[in-house]
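A short write-up of the structure that comes next.
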Amino acid sequence: MSSGMVIRVCMGPAGIAAGGKEVLEAFIRHLSEAGSSAEVKEHCSAHQVGCLGLCALDVLVEVHNNGNKTVYQYVKPEMVGRIVEEHIISGTPVQEWLAESDYDNFYRKQVKIVLSDCGKLDPEDIDAYIAAGGYEPTREVLTTWIPDDVIDEIKASGIRGRGGAGFPTGLKWELGRRSKSTVKYIICNADEGDPGAFMDRAVIEGNPHSVIEGMLIGAFAIGSEKGYVYIRAEYPLAVERLKLAIKQAYDRRFLGANIFNTNFRFDIEIKLGAGAFVCGEETALIASIEGQRGMPRSKPPFPVYKGLWQKPTVINNVETLANIPYIIRKGAGWYASFGTERSKGTKVFALTGKIKNTGLIEVPMGITLREIIYEIGGGIESKKPLKAVQTGGPSGGCIPANMLDLNVDYESLAKIGSIVGSGGMIVLDEDNCMVNMAKYFIQFTQSESCGKCVPCRIGTKRLLEILERITKGEGRDGDIELLEKLSRGIKSGSLCGLGQTAPNPVLSTIKYFREEFEAHIRDKKCPAKACREMLVYSILEDFCKGCGVCLKACPAGAITGEKKKPHKINLDLCVRCGACFDVCKFKSVGRE
Amino acid sequence: MEDIFENIIKKYREREGNIIFLLQETQEAFGYIPREAVDFFSLELNIAESRFYGVATFYSQFRLKPTGKNKIVACCGTACHVRGSEKILNALNRELQLTEDEDTTQDGKFTLEKVACLGTCSFAPVVLINGAVHGKAGTDAIIKEIRQVGKDE
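Just so you know, the protein sequences line up as chains A and B, in that order. Under the numbering used here, think of the first position of the first sequence as 1, with each following residue one higher. Under the numbering used here, think of the first position of the second sequence as 1001, with each following residue one higher.
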C-alpha cells in the first residue's frame, strides 16, 4: 500500500449509463471494508470525475499512484473487489482488465484545454477546482484588469464561437461593451440540440465551474450584472451539477455582490429549455427565456444591441465560455499557438457512429480528418470501408471518404460545403445510405421548423416529401434538380439560421453521392440496402435448412414451411422489417 | 386539483408573463397539462387559452395527454439512427400497436417517446425503459424486456 493513491471513476454521460455510480459505490464499500486500517483511508480516495473521453470502454477507472496511471476498462461493480485487493492493497494491477493500446492512441493526438480538468476533478467539489487554480483567473481579472484588457486578450487569443457559427468572441464582447445601457445581460447557451452531440453536456457535467468563471469574466468585460444559463431540461444531471456549482460559488462569494472585494456584482439564474431545437438560435432563445414561443425574429437589431427584454445581450456557447478561464490563466499567445491561421485553439467533438473508439475528443483546429478517424478513433468498427463523415449535424454536411486529408477548421469545412458546427462528428460506413441520411436530417429540421417563415416551413416539408418518395422507390426524373432548386430557395429565403442551413445535408449528399440518388431514382435500388421499402426479401432454397427460426421471428406471419424443408416468404404479407435476415444463421435469406 | 392550480399561480405571480414556467410547474405536478388547468389559468390571469396551447404545443417537453404506466424512450439521434434505431422503433410500434399519432397504448400500460438525442451515443442505439439505459440495443432483447415489464404488473 503506497501513499497518495487516487481512484477516478468516469461519471460522464456514458459512464453513468454503463453503471459508473454502482462502480464508485463498490469502490467506496470495498475500500472501507479493506481498510478499517487507517492506512487505506488516509492514502487512498475514490471519487467521481467527468467524462474521461473514451466512452466506448466505459466504465473507465483510472488509478493514480505517485504520478503513475493505470486504467481499467469495462469495469463492473463485481470486478471492484479484486481490483482493490490485488492492486490497491497488494500493488499488483489486474492485468486482464487493463485498458489496451487503444486507450493511449486515443489521447496521443488530443490537446486538452477546455477539457483539461474534466476527467480529473470531482465536478461536485468546488475545493478541487480551486486547488487546481480555479477562480484565480477571475480574481486576477476583477482586481487588476480593466474590461478593455479582457477584450484585448480574448481578441488576441483568436477564439471564435464554439456553438457553430464561429463569430469571434472578443469582437462580440467588444460590441457588448460599446452598447450603451445601464442593464446588460450575458447568456450561456446550453441548449445543445444537435442530435448526436454531447460536448456541452459533458463540459457542464464534468467541470461546471469553468462555465461560471467564463460567464463572470465575460460579464465583467461587457459590464453586465446578470447572467442566464439556458439549458435543456433533457439533461437533468447537467442541470443538477450546475445548480450545485452555482450555489457553491455563491457560498464562496464568487457570485453575488462585491466579488473579491470589488464593486463588481454578478448573479446567475438557470432557465430550463422546454425542448425546441430552434431555441439554439439567439433571438428564439431570448423569446423562450421571456416565456414565449421560441420563434426567431429578423436581425438587425442584433441581440448585442437589443436582446433580452430589449436590453443589450451577449450570448455565448458553453464551450466558448469554459475556454475563457484557461485563456486568461495561460495567456492569449499560448492559446493562439494551437490551431490554424484563422481558426485558433482547440475544438471538442463528439465522435460517434460506426467508429471503434466512440467518445469525446478535444483536438487542435486544423487536424486532419484522417488523424481523427484512424489514429484517435481507431478506425471503423465493422472493418468495412469508411463511406463519409457527417459534421455540423442538421446544419452541416457529409464529407466523402476521399477527402479524409481535409483539415478540420472553420474555413476548410465551409469550402467543401459542411461546417464545424457545434461538434457532432458521425462516422458512416458502407451500410449507411446517403439518401436516407439526407432524409433523416430533413425530417428533423422539418419537425423542428418553428413555422414562422414560408421558405422553411413549407420548403422543408416539400424536401421531405421528395426524399420520402425517392427512398420508397417512387423517385422521378428531375427529382435531383428539384431538390437542388428548392434547397437554394430555402437557403436564400429563410429568416434564421435553421432554415438557411437546413438544406445543407441534402446539397452535400447530392454533391458527393449523386450516383446513389440516381440508383434510387433510376434503378429503384438502394446500394447500401438500407431503405426498407425498396428491399425485397426471399429465401434461398439451396441454403435453407428449414430450421424455422425465421418463421418464428417474422412478426407478420409471412413465412411458411415445414421443418427441415426450405421455407417461403409471402411478399404480400412481408412488412420488410428484416427480422428473418437478421436471425438466419445460414445466410439463406436474400435481399435485393 | 384547484388548490394545486392556486399554488402554481402564486409562484407565477413573481415572474409575471412567463407562461413556460407556469406550464412546466403544471406538468411537474400532473405529468401532463390537463385541460382544466388551462381553463383555470386563462380565467384567473385573463390570458387567452390559445396562448397557453400555443406555447404548450411549441415545445416538445409538454404533453396534453397523460402518459402510460411505463415509459419507453427511444433515442433517434444521428448516432442511433446510423446504428439502426429506425428498425427498433418500427418493431416497438408494431409490438405496442401504436399508430403514427398515438404514443400511448390503448390499455394505458406503455408510452413510447422519441427523443432527438440522449447524449449516450457510444451505446447507440439506445432505448430507455422506465429510466434504465438499454445500450447497443438489439430489437429482440428490447421486445423481450417490454413483454416482461408488461407481465410484471
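Backbone N, C-alpha and C define an ideal beta-carbon position, used for all residues, glycine too.
Asked, Found
"Within the stretch 1021-1083 of chain B, ranges of the beta strand (DSSP E) (whole runs, at least 3 residues)", "1070-1075"
"N316(A) - partner residues in DSSP beta bridges", "C188(A)"
"Boundaries (first-last residue) of the alpha helix (DSSP H) holding G170(A)", "T169 to R178"
"Same chain, Cβ closer than 6 Å to N1007(B), neighbours up to 5 away in sequence not counted", "none"
"Nonlocal neighbours in the same chain, by C-beta distance under 6 Å from T560(A), ignoring five residues either side", "K568"
"Closest Cα partner of K173(A) within the set K529(A), K511(A), N316(A) and Y440(A)", "Checking the sequence, you will find Trp at residue 173(A) rather than Lys. Nearest option by C-alpha distance: N316(A)."
"Within chain A, the residues that G1077(B) reaches when beta carbons sit closer than 7 Å", "P195 and G196"
"Bridge partner(s) assigned by DSSP for M425(A)", "L351(A) and T391(A)"
"K354(A): contacting residues in chain B (beta-carbon distance under 8 Å)", "V1082 and R1083"
"CA-to-CA distance, A17(A) to G1150(B), given in whole angstroms", "23 Å"
"Beta carbon of G392(A) nearer than 8 Å to that of V435(A)", "no"
"I1146(B) versus N1090(B): straight-line alpha-carbon distance, rounded", "14 Å"
"Three-state secondary structure assigned by DSSP to N407(A)", "strand"
"Contacts around G273(A), its chain only, beta-carbon distance under 7 Å, and the 5 residues preceding and following it disregarded", "D191, Y230, I231, R232, A233, C279 and S288"
"Assigned secondary structure, N68(A) (DSSP; H/G/I helix, E/B strand, else coil)", "strand"
"Integer-rounded CB distance, given that F1021(B) should sit under 8 Å from G291(A)", "6 Å"
"Cα-Cα separation between L360(A) and F349(A), rounded to whole angstroms", "6 Å"
"Sufficient close CB pairs (3 or more, under 8 Å) joining the stretch 573-585 of chain A to the stretch 546-556 of chain A", "yes"
"Expected contact under 8 Å - CB spacing of C1075(B) and P1125(B) to nearest Å", "7 Å"
"Short Cβ contact (8 Å threshold) for N189(A) with G163(A)", "yes"
"Close beta carbons around T1139(B), own chain, < 7 Å, minus the five adjacent residues each side", "K1087, I1088 and A1091"
"Beta-carbon neighbours of G1054(B), restricted to chain A and to distances below 8 Å", "R293"
"Burial state of N65(A) (16 or more Cβ within 10 Å)", "buried"
"Assigned exposure category for K180(A) - 16 Cβ within 10 Å defines buried", "exposed"
"Partner residues on chain A for K1011(B), Cβ-Cβ distance less than 8 Å", "In chain order: nothing, as chain A lies at least about 13 Å away."
"Straight-line Cα distance separating N207(A) from E1049(B)", "42 Å"
"DSSP state of C118(A) mapped onto helix, strand, coil", "coil"
"8 Å Cβ cutoff met for V314(A) and V211(A)", "no"
"T358(A) at chain B interface by Cβ criterion, 8 Å", "yes"
"Contact set for R293(A): own chain, Cβ-Cβ below 6 Å, skip 5 residues either direction", "none"
"Chain-order list of residues whose beta-carbon lies under 7 Å from that of R1015(B) (same chain, five-residue window excluded)", "F1021"
"Which residues DSSP lists as bridging H87(A), in chain order", "Answer is none; H87(A) lacks a bridge partner."
"8 Å Cβ cutoff, S2(A) in contact with chain B", "Residue placement at S2(A) is poorly supported in this model, since its pLDDT is 46, which falls under 50; the coordinates still yield a value, given next. So, not an interface residue."
"Beta strand (DSSP E) segments (min. 3 residues) lying fully within the stretch 249-275 of chain A", "267-273"
"Length of the line joining the Cα atoms of I186(A) and D194(A)", "22 Å"
"R160(A) in three-state terms, based on DSSP", "strand"
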